[in-house]
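S.K.:
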Amino acid sequence: MQTPYLVWFDTEYTSLELEQAHLVQVAMVVTDFQGQRIAPPEQDFVTPVRLPPDAPVSDFLACECPALVAQARAEAAPDVVSVDALLAARLDELIGPPAAKVKDRPILAGNTIHADWWLAEKFLPRFIARLHYRQLDVSALKILWLGSQQGPEFKKEEAALVQQYLPGWQLPATAQRHDALYDVLCSLAELNFYRQNFLLNMDKKLL
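First residue of the sequence shown: 0, per numbering that gives the first Met the number 0; consecutive thereafter.
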């Protein structure tokens, strides 16, 4: 594996039944393997995705994220084909055109990232074609951390905690759960949390 980049990615979608789900919002931030930005915050990518007119949304999404649903229902929202092209173009702008060898392409990262990968495979083929076949799922560390009983769960609902593990980063003014950009930053912060509180301790135990 030779890629130096992580593509932090999150999607919001209409249903937990992925076969029936449509994208509502996507966000992307690119870092190096130490979690440092490779571009300023202005180049973070986040956009609603226009829903098909007949696409239903879950009761949960309609109740918890009415503003997001309204954005995805608006005519001004880009459709999924346009979002795929925009994502691919932004990734190319940040790190260059896709490498010829898959092993040299950036790795998709996030929480429960297999769901985002699955939806990207279905709806965002140009974007997914630029990525490594491996994924970095912070949820795997979450499971190990909770199983070790070394400390409390990292709670992304606590913006102050997220900010603590993203020193020098600015959280979105509208930071809240079920916002794709906020969730991307939460995944980054959570990885930093495990690096400081869990992975370092594992290294010490191996010495």
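Every residue gets a Cβ at the ideal spot worked out from N, C-alpha and C, and that includes glycine.
1) Report the three-state DSSP secondary structure of residue 94 (helix, strand or coil).
2) Run through DSSP, which three-state label would residue 26 get?
3) Leaving out five residues before and five after residue 205 in sequence, what residues of the same chain have Cβ atoms less than 7 Å from its Cβ?
4) Are residue 208 and residue 165 touching if we call contact CB-CB under 8 Å?
5) State buried or exposed for residue 4, treating a residue as buried only when at least 16 other CB atoms are found within 10 Å of its CB.
6) Do residue 83 and residue 113 have their C-beta atoms closer together than 8 Å?
7) Looking only at its own chain, which residues have a Cβ that is under 7 Å from the Cβ of residue 119, when we skip the five neighbours before and after it?
8) Three-state secondary structure (DSSP) at residue 11?
9) Within the same chain, show all residues whose beta-carbon is closer than 8 Å to that of residue 73, passing over the 5 residues directly before and after it, in chain order.
10) What does the alpha-carbon distance come out to for the pair residue 33 and residue 145?
11) How about residue 39 and residue 169: are their beta carbons less than 8 Å apart?
12) If we ignore side chains and look at the alpha-carbon of each, how far apart do residue 7 and residue 53 end up?
13) What would DSSP say about residue 146, mapped onto helix, strand or coil?
14) What does a CB cutoff of less than 7 Å around residue 157 pick up in its chain, not counting 5 residues either side in sequence?
15) For residue 192, tell me which candidate among 161, 17, 87 has the shortest Cα-Cα distance.
M.R.: Per the coordinate set shown:
1) For the purposes of this step, residue 94 is identified with residue 95 of the sequence shown, where counting begins at 1. Helix at residue 94.
2) Here residue 26 refers to the residue found at position 27 when the sequence shown is read from its first residue. Residue 26 falls in the strand class under three-state DSSP.
3) Sequence index remark: in the sequence shown, residue 205 carries index 206 (1-based). Here residue 205 scores only 40 on pLDDT, less than 50, and its place in the model is too uncertain to base an answer on.
4) Residue coverage of the chain in this structure runs from 0 to 206, which leaves residue 208 outside it and unanswerable.
5) As a working mapping, residue 4 is identified with position 5 in the sequence shown. Classification of residue 4: buried, given that the 10 Å Cβ count is 16 or more.
6) Sequence index remark: in the sequence shown, residue 83 carries index 84 (1-based). Sequence index remark: in the sequence shown, residue 113 carries index 114 (1-based). At a Cβ-Cβ threshold of 8 Å, residue 83 and residue 113 do not count as neighbours.
7) Mapped onto the sequence shown, residue 119 falls at position 120. If we look at residue 119 and ignore the five residues flanking it on each side, its Cβ neighbours are 126, 127.
8) Sequence index remark: in the sequence shown, residue 11 carries index 12 (1-based). In the structure shown, residue 11 falls within a strand segment according to DSSP collapsed to helix, strand and coil.
9) Working through the sequence shown from its first residue, we reach residue 73 at position 74. Cβ neighbours of residue 73 beyond the five flanking positions: 47, 49.
10) Here residue 33 refers to the residue found at position 34 when the sequence shown is read from its first residue. Here residue 145 refers to the residue found at position 146 when the sequence shown is read from its first residue. Cα to Cα, residue 33 sits roughly 23 Å from residue 145.
11) Along the sequence shown, one-based indexing puts residue 39 at 40. Along the sequence shown, one-based indexing puts residue 169 at 170. Taking 8 Å as the Cβ cut-off, residue 39 and residue 169 do not qualify as a contacting pair.
12) The residue labelled residue 7 in the question sits at position 8 within the sequence shown. The residue labelled residue 53 in the question sits at position 54 within the sequence shown. Straight-line Cα distance between these residues: approximately 30 Å.
13) Residue numbering aside, residue 146 sits at position 147 when the sequence shown is read from its first letter. Correct three-state label for residue 146: helix.
14) Stepping through the sequence shown from its first residue, residue 157 is reached at position 158. Here the set comprises nothing.
15) For this step, residue 192 is matched to residue 193 along the sequence shown. Ranking the options by Cα distance to residue 192, first place goes to 161.
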